[in-house]
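So the sequence lines, in the order shown, correspond to chains A and B.
With our numbering applied, the first sequence corresponds to residues 1 to 211, in that order.
With our numbering applied, the second sequence corresponds to residues 1 to 211, in that order.
See structure below.
2 protein chains.
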Amino acid sequence: MVKKSHRPEIPRKTIYRLSTYLRCLARLKEKNMQTVSSEALAKVAGVKPTQLRKDLAYFGTFGTRGLGYNVAELSYRIADELGTSRLQPVILVGVGNLGLALLSYRGFEREGFEIVAAFDAEPNRPRDKKISVTIFGMEDLPAFVRQHGVRMAILTVPAEVAQEVANALVATGIAGILNFSPSVLSVPEDVMVNSVNVAIELENLSYFIQE
Amino acid sequence: MVKKSHRPEIPRKTIYRLSTYLRCLARLKEKNMQTVSSEALAKVAGVKPTQLRKDLAYFGTFGTRGLGYNVAELSYRIADELGTSRLQPVILVGVGNLGLALLSYRGFEREGFEIVAAFDAEPNRPRDKKISVTIFGMEDLPAFVRQHGVRMAILTVPAEVAQEVANALVATGIAGILNFSPSVLSVPEDVMVNSVNVAIELENLSYFIQE
C-alpha cells in the first residue's frame, strides 16, 4: 500500500470507525451543536469512549478537558485524514442494475465523492433509468482516467469479466477499486481493493443467527 | 449472539473466508474437479495454505494426506456450517433504486438465499423496473415473517426511517439484518446487523491510496 511516509500505521478497523465518527459529527452539525464530549460522541457512534479517544489519538488530540471536541474542527481533521476534505472524482465501470442504482444515488457528493463518468462495454444499450452521468465505451477509459486524474473506481461488472476489467483499470493508473462483483481480484500490491459481496454478507449473517 | 451451544467460537473473519472457499470450490466443481490440495485451494482463494488449514480445522479436518480435499464433501460441510446448505428465505424492505437492483439480481439462489417477498411503505408506487417478487405494504410484515419463518432481512430504506423499520423487523422476530442504509442501527444483543455502506468503503479506499 502506498502511504504518506509520515503517517502512523492506522489499523483498517480504525479507519472504518473514523468514517462513522464523521457521519455522527455531520448529524451534530445539522443540529447546530458546536462541541461534543467524547462520551456523547462515542455513544452515538456505538463505541466505548476509550475506543474513541484511542482512535483519535492516532492523529493527535483535539479535545479540551471539560469542553470536549469542537465539532467543526474534528470533522475537518477526520475528513482531511481520510482524504475526503476535497471532493474526489470516482468512475463507475459496468452500468447494469446495480451500477444504475449507484449512479442514481445522490448522497455521494455530501460524503466527498463525485462519480464523474461511467463506462460500459455497451454504452448505448437501452437502460431502465435516465441518469445524468455520461456513459462512455471502454475504449475511452485510459484517456479519461489520465485527463481527469481519477484514482478510484467502482466495479459493477459481471463476475466473468471482473478480472479483465480490473486489469484494464490498473493499467490506466487506478489505485483503488471498490469491487461489487463476486470475484476475488488479483491486483498488484500497490493497488487497494475493497469488496462488497451481498451474498457473502448474507452468509455471514446466516452463520451467526443459526438456532 | 445466539449460537449453537456445541460449536466453537469461530472468528468473524474466518466465516468470511469460509464464504470465499465455498465460491472457489463451486468453480472447481464446474470444472469437474473432484479433489483439490490445500495449496491449490488456498491459491485460488488468495490466502496462505496454513491459513486455509487453520480455518477448516475449526470444524474438523477432511483432507487426506497426499489426496487433498474432496471438493463436493468440503463444499457441503462448509455450506452446512454457514447454514446455507438449504435455501434460506430472506425479505427485502425498501424498494427504491438499490432495493430494485438487488431484487433483479438472479445470483442469490445459487448462493443459498431466496428473496421471498419485498416490503415498502408505498408498495404500489410506479417503479422503473418490473420484478417477479411481490411488494407488500409494511402492515403485512409481521404476519408474513411469522407465517414463512423468515429470519433474515435486507434493509434498503432511506437513512431517516432505518431505525424505525429496524425496530419493526426486530419486533416480528427477524434475527439478522443486512443494512444498506447509512445509519448505525441500535438493536437488541441477540439480533445481528451487518452493514454495507458504499460511501464508507470509498472513504476507506481513499485513505489507503493517498499519495
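Built from N, CA and C at the ideal position, the CB exists for glycine as well.
Everything numeric in this text was worked out from a predicted model, so none of it was measured.
The alpha-carbon of G99/A is positioned some 8 Å away from that of V157/A. For the segment 29 to 41 of chain B, no residue has a beta-carbon sitting nearer than 8 Å to a beta-carbon of chain A. When C-beta distances to chain B are compared with 8 Å, the residues of the segment 118 to 131 of chain A below that value are D128 and K129, in chain order.
For L169/B, no CB of chain A lies under 8 Å from its own CB, so it is not counted at the interface with that chain. Here E211/A is exposed, its C-beta having fewer than 16 other C-beta atoms within 10 Å. Judged by DSSP in its simplified three-state form, N167/A adopts helix. The beta carbon of L82/A falls within 8 Å of a beta carbon belonging to chain B, placing the residue at that interface.
For D120/A, the uninterrupted beta strand (DSSP E) segment begins and ends at F113 to D120. Interface flag for Q210/A against chain B is set, since a Cβ pair is found closer than 8 Å.
By the criterion of at least three beta-carbon pairs nearer than 8 Å, the segment 193 to 202 of chain A is in contact with the segment 95 to 112 of chain B. If you look at F136/A, you'll find it in the beta strand (DSSP E) that goes I135 to G137.
Considering only N204/B, I131/B and V90/B, the residue with the shortest C-alpha distance to G173/B is V90/B. Put simply, the CB of I200/B is near chain A, with a gap under 8 Å to one of its CB atoms. Contact note: F59/A does not reach chain B at a C-beta cutoff of 8 Å; the least C-beta distance is about 11 Å. Under the three-state reduction of DSSP, A159/B is assigned to helix. Beta-bridge annotation (DSSP): T35/B is paired with N70/B. Between the C-alpha atoms of M33/B and G66/B there is a straight-line separation of about 16 Å. Note on Q88/A: 16 or more other CB atoms within 10 angstroms of its CB, so buried under the neighbour-count rule. For V145/B, the enclosing alpha helix (DSSP H) stretches over residues L141 to H148. In this structure, DSSP gives V196/A a state outside helix and strand, which the three-state scheme calls coil.
Excluding the 5 residues flanking it on each side, N194/B has same chain C-beta neighbours closer than 8 Å at G176, I177, L178 and N179, in chain order.
Not flagged as an interface residue toward chain A: T50/B, since no C-beta distance is shorter than 8 Å. In this structure, I15/A sits away from L92/A, with a CB-CB distance that is not shorter than 8 Å. A153/B is bridged by DSSP to I91/B and I177/B. For the segment 143 to 160 of chain A, residues whose beta-carbon sits nearer than 7 Å to a beta-carbon of chain B comprise R151 and M152. Note on D120/A: 16 or more other CB atoms within 10 angstroms of its CB, so buried under the neighbour-count rule. Bounds of the alpha helix (DSSP H) holding G99/A are N97 to S104.
What I15/A touches in chain B, judged by beta-carbon distance under 8 Å, is E203, N204, Y207 and F208, going in chain order. Looking only at K31/A, E30/A and L25/A, the smallest Cα-Cα distance to S38/A is reached by L25/A. Of the candidates K31/B, V44/B, T20/B and G94/B, the residue whose Cα lies closest to the Cα of E160/B is G94/B. Secondary structure at R86/B: coil, using DSSP grouped into helix, strand and coil.
For T134/A, same chain residues with a beta-carbon under 8 Å away, outside a window of 5 residues either side, are A117 and A118 in chain order. Not one beta carbon of chain B lies nearer than 8 Å to the beta carbon of S75/A.
About 4 Å separates the beta carbon of S183/B from that of A162/B, a gap short enough to meet the 8 Å contact definition. The alpha carbon of F136/A has as its nearest neighbour, out of K129/A, V145/A and D128/A, the alpha carbon of V145/A.
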